[in-house]
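See below for the structure under consideration.
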Amino acid sequence: MNKRIVLFDIDHTIFNTSAYAANIGKILSSFVEGDAREFEVGARVTWTQIHKQFGYFSPGVYISLLFDEFSFTRSEEELQKAIVDEKMLASCLYPEVKEAFITFSKHHEIEIGVFSSGDLEFQRQKVKAISRFLHPSHMHIFVKKTEELDSIFRQYDRANIYVVDDLLKVLHQVKIHDKSIQTVWMKRGKWLQTQEKPEGFMADFEVESVKEVVGIVAGEEN
Ligand SMILES: [Mg+2]
3 MNKRIVLFDI
13 DHTIFNTSAY
23 AANIGKILSS
33 FVEGDAREFE
43 VGARVTWTQI
53 HKQFGYFSPG
63 VYISLLFDEF
73 SFTRSEEELQ
83 KAIVDEKMLA
93 SCLYPEVKEA
103 FITFSKHHEI
113 EIGVFSSGDL
123 EFQRQKVKAI
133 SRFLHPSHMH
143 IFVKKTEELD
153 SIFRQYDRAN
163 IYVVDDLLKV
173 LHQVKIHDKS
183 IQTVWMKRGK
193 WLQTQEKPEG
203 FMADFEVESV
213 KEVVGIVAGE
223 EN
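In the numbering used here, the protein residues as written are 3 to 224.
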C-alpha cells in the first residue's frame, strides 16, 4: 500500500490554544502583585499586541513585556518556565489526540507530522508529549507557513498527503498550490465561526476530531 503522510496544524487543530490562554492567565495572575482585574486586562492587551506585532505568540516576549508593566512574586525566569510547563502544555492537547496518534502508529504505511505557523521552539514544546509519534522529517514549522508551500511540498509525492487545519483559508491555499493534496477541515477552536470562508472552496473532508482523521486516512471505523 502507498505511503500516506498526514500533516497536522497545531493551534486549534490538535492543541486547545484557548485553554492554554486561560491556563497561563490563571498562573500569572496568581503571581502578580496588586489588582488581579487590572492585570487581566493588561495581560490581554499585551497578548493581542504580540500577535499583531509578530503574527504569533512568543512566551519569552510576553513575560518580558508583562514584567515591564507589573510586579510579580516570582522572577522572570520562573514565570517563563511556568507558562511552558511540559505537563500543562500536554493537558492542552485535545483529549482524543494521543489515542488517535497511537492508532496511526499501528499503521506502518502512514506517517504523521506537523504543518504549523509560529515560534519554532514554542510549537515544538506544545507537541512534546506526542513527539514520539511525529516523524522528524515531517516537522514543518515556520513563522508563516503558507509562504513555504513550495519548499515543503516539493519533497513529497503530493497525491498521498493529507493536510489538517482549522482554517479554511490555509486549506484553500494548499489546494491552490496542488490540487492532489487532500484537505481536511478541523471544525473546532476559536476561529470556527468567525474565520474568513474562501468563496467557492470546500475542504475534501470535514471532521471534528483527530479520531475521524484516522477513519479517513486509514479507512478505520470511528
Ligand atoms: Mg490553527
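Every residue, glycine too, gets a C-beta built ideally from N, C-alpha and C.
### Query
Between which two residues does the beta strand (DSSP E) containing residue 141 stretch?
Counted from its first residue, the sequence shown places residue 141 at position 139. Run containing residue 141: 136-144, per the beta strand (DSSP E) assignment.
### Task
Would you mind reading off the limits of the alpha helix (DSSP H) that contains residue 217?
Translated into the one-based positions of the sequence shown, residue 217 becomes position 215. Where residue 217 is concerned, the enclosing alpha helix (DSSP H) stretches over 212-220.
### Query
Is the stretch 128-137 close to the stretch 147-166, with three or more CB pairs under 8 Å?
The stretch 128-137 is not in contact with the stretch 147-166.
### Query
Per DSSP, what kind of secondary structure is residue 169 in: helix, strand or coil?
On the sequence shown, position 167 is the one that residue 169 refers to. Of the three classes helix, strand and coil, the one that applies to residue 169 here is coil, per DSSP.
### Message
DSSP three-state label for residue 96, please.
### Response
The residue labelled residue 96 in the question sits at position 94 within the sequence shown. Three-state DSSP puts residue 96 in coil, outside helix and strand.
### Query
Does the separation of the CB atoms of residue 171 and residue 200 fall below 7 Å?
What you label residue 171 is simply residue 169 of the sequence shown in a count that begins at 1. What you label residue 200 is simply residue 198 of the sequence shown in a count that begins at 1. Yes; because the gap between Cβ atoms is below 7 Å, this pair is in contact.
### Residues near residue 179 in its chain [Cβ-Cβ closer than 6 Å; skip 5 each side]
Here residue 179 refers to the residue found at position 177 when the sequence shown is read from its first residue. Excluding sequence neighbours, residue 179 sits near 151.
### Task
Could you tell me the distance, in whole angstroms, from the CA atom of residue 96 to the CA atom of residue 165?
In the sequence shown, the residue the question calls residue 96 occupies position 94. In the sequence shown, the residue the question calls residue 165 occupies position 163. Approximately 18 Å, taken between the alpha carbons.
### Option in 29, 116, 125 with minimal Cα separation from residue 80
Counting from 1 along the sequence shown, the entry for residue 80 is found at position 78. Of 29, 116, 125, the residue nearest in Cα terms is 29.
### Query
Got a sec: does ligand 1 put a non-hydrogen atom nearer than 6 Å to the Cβ of residue 11?
As a working note, residue 11 is residue 9 in the sequence shown. Yes, since a heavy atom of ligand 1 falls inside the 6 Å radius drawn around the Cβ of residue 11.
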